[in-house]
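Enquirer: Sequence order for the protein chains is B and D. For the first sequence, numbering that gives the first Met the number 0 gives the first residue as 0, with consecutive numbering after it. For the second sequence, numbering that gives the first Met the number 0 gives the first residue as 0, with consecutive numbering after it. The beta carbon of each residue, even a glycine, is placed where N, CA and C say it ideally should be. Got a structure for you, written out below as structure tokens; questions coming shortly.
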Amino acid sequence: MGLQALFFYLFAFVAVASAFMVISARNPVHSVLFLIVVFFNAAGLFLLTGAEFIAMILLVVYIGAVAVLFLFVVMMLDVDFAELKAGVLQYAPVGMLVGLVVAAELILVVGSSVLSPEAANSITMPIPNPAERSNTAALGDVLYTHYVYYFQIAGLVLLVAMIGAIVLTLRHRQNIKRQDISRQVARTPETAVEVVKVKSGQGL
Amino acid sequence: MTPELFYQSLQFALPEIVLAVGALAFLMMGVFIGDKSSQLISGLSIALLAVVGAWIMIAPGNGEAFGGAFIVDPFARFMKVAAIIGSIFALAMSAVQGKAMHLDKPEYPVLLVIATLGMLLLISANDLIAFYLGLELMSLSLYVVAAFNRDSLRSTEAGLKYFVLGALSSGMLLYGMSLVYGFTGNTGFQEIAAVLSSETRGLGLVFGLVFILAGACFKISAVPFHMWTPDVYEGAPTPVTAFFATGPKIAAMAILIRITSETFLPLISDWRQIIVFVAIASMLLGSFAAVGQKNIKRLMAYSSIGHMGYALVGLSAGSESGVSGVALYMLIYMIMSVGTFACIMSMRRPDGEYVEEVDELAGLFARKPFMAVVLTAQMFSMAGIPPLAGFFAKYYVFLAAVEAGLFTLAVIGFLTSVVAAYYYLRIVKLMWFDEPKGEFERTPGELRFIFGISGLFITAYVLYGGPIGSAADAAARSFF
């Protein structure tokens with residue numbers, strides 16, 4: 000218990016501190032890097048509660064894809080962040096309001112599950128005990144049986160998104176040099192290297 | 000789910016599975032053969048759709064598959080066949096003039112096949128999740144094909160507009176679904192209906208219902224969710240517009256019928272007032288706003304808004320004859336749209352330029368008598384003049400409304416169709432009595448064939464309409 004509590008406070012503290020750094024860092028690239036730290040620590044927190052699937056998804060999707068995308072956007076787009084941040088204080092009241100609403104919702108959710116713990120029993124498909132079946136396996140149990148139909152259509156939807164992105168944006172440009180792996184592999188020293196005997200003192 | 004049950008599910012969904020596998024195979028062909036394969040893939044797609052359509056029509060057996068997510072019943076069969084016919088015509092139109100319209104890429108027929116697959120899944124959806132996924136599969140493909148001519152500013156604008164507004168409507172739909180799920184505890188349509196008939200309804204459930212109806216009305220472009228229609232119809236390439244006017248409308252109307260006439264039938268007093276309002280607003284806007292339109296594609300957009308209003312008149316009756324009327328209306332409207340869009344695609348100057356102004360049709364009879372006669376028949380049919388097919392479509396939905404005691408609705412429908420007749424007849428007058436403007440290029444044989452078939456269908460409907468009408472009746476009996 001003691002070790003678990005220690006890690007909980009470690010992850011929680013680092014997560015909150017880095018979250019603060021995300022909004023206060025001057026350099027936007029630093030902000031994104033701190034965001035990655037937040038994701039990483041949140042994954043650690045999920046792992047502590049036994050939700051290993053969400054923890055891994057958080058690592059793969061949020062750090063592997065979303066954060067990298069953020070980094071690309073921040074580095075590629077020429078956005079003047081100093082100018083953007085100039086008026087940030089005048090939005091503080093709105094930010095506070097949103098924060099209050101989110102806090103109230105969190106309190107309601109947590110409060111209701113504390114007040115009536117029996118509500119969790121009324122769901123149609125109860126979650127198996129994590130000690131007996133890890134939740135990755137439990138998800139797989141239903142995903143490829145009950146929900147296989149939805150799973151397959153979701154796959155098709157993603158395929159359409161991919162086709163759409165390619166067909167609408169890809170342009171084949173002429174006269175650019177492409178890597179031809181078979182040609183590269185087929186090269187031998189005889190075809191690639193020319194040995195020239197140079198007479199000393201003359202140059203080529 | 001046991002292996003036997005799974006195997007049985009696969010059998011019910013076999014036509015859809017074949018279509019999905021076919022789309023993937025065509026995609027691979029397109030990747031490996033390259034851009035020159037687009038004609039070949041279009042032809043293969045048409046053949047595949049025709050096979051799947053025939054299969055769905057003759058395959059016996061009704062039932063549910065995948066734990067109740069997918070349903071096969073006479074209604075689904077009728078609407079699926081109608082949607083597939085629309086897709087085949089749209090694909091044929093784009094195959095003819097794809098090059099001139101910059102649609103000659105192998106991805107285009109693949110996306111149309113996948114969109115058609117989405118329609119079939121949407122029509123067969125028997126669960127909120129299946130409903131949403133089918134709708135997204137259809138819509139995402141539509142957004143892409145709307146922007147397919149990516150070098151044209153209008154086409155990209157149409158695609159982007161459609162996408163942004165479509166995403167908004169998906170959000171509303173999902174919000175409504177989550178409310179319905181929260182208040183009934185189920186996502187299956189039958190389970191929701193069972194809960195609704197046993198309990199008194201909560202206010203939150205009505206909110207959910209309203210949001211779901213809003214999302215579905217967006218897809219059929221009924222007022223007040225119609226804003227995207229004129230811009231998207233005008234901006235998208237004409238074969239794509241023809242596609243929008245056929246299958247997607249049928250599929251969205253099918254799911255609207257299914258959720259109102261099956262799932263939420265216990266709440267009929269709640270949804271009827273919404274549908275009645277939407278129907279009246281669509282009929283009014285569709286007839287009055289179209290009067291001032293100069294572009295024929297925009298005109299068709301407003302005309303489609305009005306037609307959706309008339310179809311909803313039948314739905315608001317909430318009866319077997321009403322549903323049968325709507326199913327028949329969608330089929331006939333699809334055939335009329337196909338014919339009209341085939342005529343619009345034939346409006347091409349000898350220098351290869353497509354014209355879209357209504358005035359360009361002046362004196363068409365002197366130049367192209369056959370096309371003028373067919374287009375005249377289409378316009379008379381759209382206006383609902385007997386004995387053409389459009390008259391029967393309107394007749395059955397108004398009859399159902401009168402039987403259900405919705406006299407005001409039927410009278411408003413009748414009056415607005417008189418207003419709408421003005422702009423349809425104006426086109427007829429232009430074609431027959433005005434001075435010819437310019438030469439048109441020779442119409443390709445395929446387009447002539449398409450509008451010829453469509454013209455034959457609507458003029459001779461009175462002779463063989465019986466079996467089609469009884470098929471629609473059988474479809475409606477799935478619910479009542």
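Which residues in chain D have a C-beta closer than 9 Å to the C-beta of V72(B)? List them in chain order.
Expert: Within chain D, no residue comes near V72(B); the closest Cβ sits about 19 Å away, beyond 9 Å.
Enquirer: Please go through the same chain and pick out, in chain order, the residues whose beta-carbon is closer than 6 Å to the beta-carbon of G207(D), but skip the five residues on each side of it.
Expert: Answer for G207(D): G175, L178, V179, listed in chain order.
Enquirer: Suppose you measure from the CA of L99(B) to the CA of R170(B); what does that come to, to the nearest Å?
Expert: So the two alpha carbons sit approximately 48 Å from each other.
Enquirer: Put Y143(B) into one of helix, strand or coil per three-state DSSP.
Expert: Correct three-state label for Y143(B): coil.
Enquirer: Determine the extent of the beta strand (DSSP E) in which E63(D) is found, giving its start and end residues.
Expert: Taken as a continuous stretch (DSSP letters only), the beta strand (DSSP E) holding E63(D) covers 62 to 64.
Enquirer: What are the start and end residues of the beta strand (DSSP E) that includes F69(D)?
Expert: Counting along the chain, the beta strand (DSSP E) containing F69(D) begins and ends at 69 to 71.
Enquirer: Identify whether E356(D) lies in helix, strand or coil by the three-state DSSP scheme.
Expert: In this structure, E356(D) counts as strand in the three-state DSSP scheme.
Enquirer: Return the CA-CA distance between L157(B) and D472(D), expressed in angstroms with no decimal places.
Expert: L157(B) and D472(D): Cα-Cα distance of roughly 37 Å.
Enquirer: Ignore the nearest five residues each way along the sequence and tell me which others in P247(D)'s own chain have a CB closer than 7 Å to its CB.
Expert: Taken in chain order, the residues that qualify are M118, M137, L141, K218.
Enquirer: Beta carbons nearer than 7 Å to chain D: which residues of the segment 161 to 195 of chain B have them?
Expert: Hits within the stretch, in order: I162, G163, V166, L167.
Enquirer: Between L298(D) and C342(D), how many whole angstroms is the CB-CB distance? I'm expecting something under 8 Å.
Expert: The pair is not a contact, with the Cβ atoms about 13 Å apart (cut-off 8 Å).
Enquirer: Along the alpha helix (DSSP H) that carries M299(D), what are the first and last residues, could you check?
Expert: Where M299(D) is concerned, the enclosing alpha helix (DSSP H) stretches over 295 to 316.
Enquirer: Along chain D, in chain order, which residues have C-beta atoms closer than 7 Å to that of A153(B)?
Expert: Going along chain D in sequence order, the residues near A153(B) (Cβ under 7 Å) are L132.
Enquirer: Within its chain, find whatever has a CB closer than 8 Å to the CB of K293(D); leave out the 5 residues flanking it on each side and keep chain order.
Expert: E356, V357, D358.
Enquirer: Give me the Cα-Cα distance between S123(D) and I45(D), rounded to the nearest whole angstrom.
Expert: Roughly 21 Å between the two C-alpha positions.
Enquirer: Name the chain B residues that come within less than 8 Å of V109(D), Cβ to Cβ?
Expert: The answer, in chain order, is I162.
Enquirer: Quick one: what's got a C-beta closer than 7 Å to G170(D)'s C-beta in the same chain, skipping five residues either side?
Expert: Excluding residues within five positions, none has a Cβ falling inside 7 Å.
Enquirer: L173(D) to L204(D), Cα distance in whole Å?
Expert: Roughly 13 Å between the two C-alpha positions.
Enquirer: Sort out for me which residues DSSP pairs A124(D) with in a bridge.
Expert: The partner list for A124(D) (beta bridge, DSSP) reads F69(D).
Enquirer: Residues of chain B with a CB under 8 Å from the CB of A129(D): which are they?
Expert: Within 8 Å Cβ-Cβ: Y148, Y149, I152.
Enquirer: Assuming contact is defined by CB atoms lying nearer than 7 Å, are S302(D) and A289(D) in contact in what I supplied?
Expert: Yes, these two residues count as a Cβ contact at 7 Å.
Enquirer: What does DSSP give as the partner residue(s) for R530(D) in the beta ladder?
Expert: Only positions 0 to 479 of chain D appear in the structure, and residue 530(D) is not among them; the question remains open.
Enquirer: Taking a contact to mean a Cβ-Cβ separation below 7 Å, would you say A53(D) touches I249(D) in this structure?
Expert: In this structure, I249(D) does not lie closer than 7 Å to A53(D) by Cβ.
Enquirer: Leaving aside the five residues before and after Y161(D) along the sequence, list all residues of the same chain whose C-beta is less than 6 Å from its C-beta, in chain order.
Expert: Once the five neighbours on either side are set aside, the close Cβ partners of Y161(D) are Y142, A145, W227, V231.
Enquirer: Can you say whether Y131(D) is buried or exposed, counting buried as having 16 or more other CB atoms within 10 angstroms of its CB?
Expert: Under this definition Y131(D) is a buried residue.
Enquirer: Using 7 Å as the limit for Cβ to Cβ distance, is S140(D) near chain B?
Expert: Closer than 7 Å to some Cβ of chain B, the Cβ of S140(D) qualifies, so yes.
Enquirer: Judging by CA-CA distance, which residue of A99(D), G454(D), S416(D) is the nearest neighbour of G285(D)?
Expert: Cα-wise, what sits closest to G285(D) is S416(D).
Enquirer: If we cut at 7 Å on Cβ distances, does V156(B) have a partner in chain D?
Expert: It does; some Cβ of chain D falls within 7 Å.
Enquirer: Any beta carbon of chain B sitting closer than 7 Å to that of E135(D)?
Expert: Yes, because at least one Cβ of chain B sits closer than 7 Å to the Cβ of E135(D).
Enquirer: List the residues of chain B whose Cβ lies closer than 7 Å to the Cβ of R149(D), in chain order.
Expert: Those within 7 Å of R149(D) in chain B are L167.
Enquirer: DSSP state of G201(D), grouped into three classes?
Expert: Reduced to three states, the DSSP call for G201(D) is coil.
Enquirer: List the residues of chain B whose Cβ lies closer than 9 Å to the Cβ of E156(D), in chain order.
Expert: Per Cβ cutoff of 9 Å: no residues; E156(D) is ~13 Å from chain B at best.
Enquirer: If we cut at 7 Å on Cβ distances, does G66(D) have a partner in chain B?
Expert: It does; some Cβ of chain B falls within 7 Å.
Enquirer: Bridge partners for G187(D) per DSSP, in chain order?
Expert: In DSSP, G187(D) forms a bridge with D126(D).
Enquirer: Whose Cβ in chain B lies nearer than 9 Å to the Cβ of E402(D)?
Expert: Near E402(D) there are no residues of chain B at all, since even the closest Cβ is about 38 Å away, more than 9 Å.
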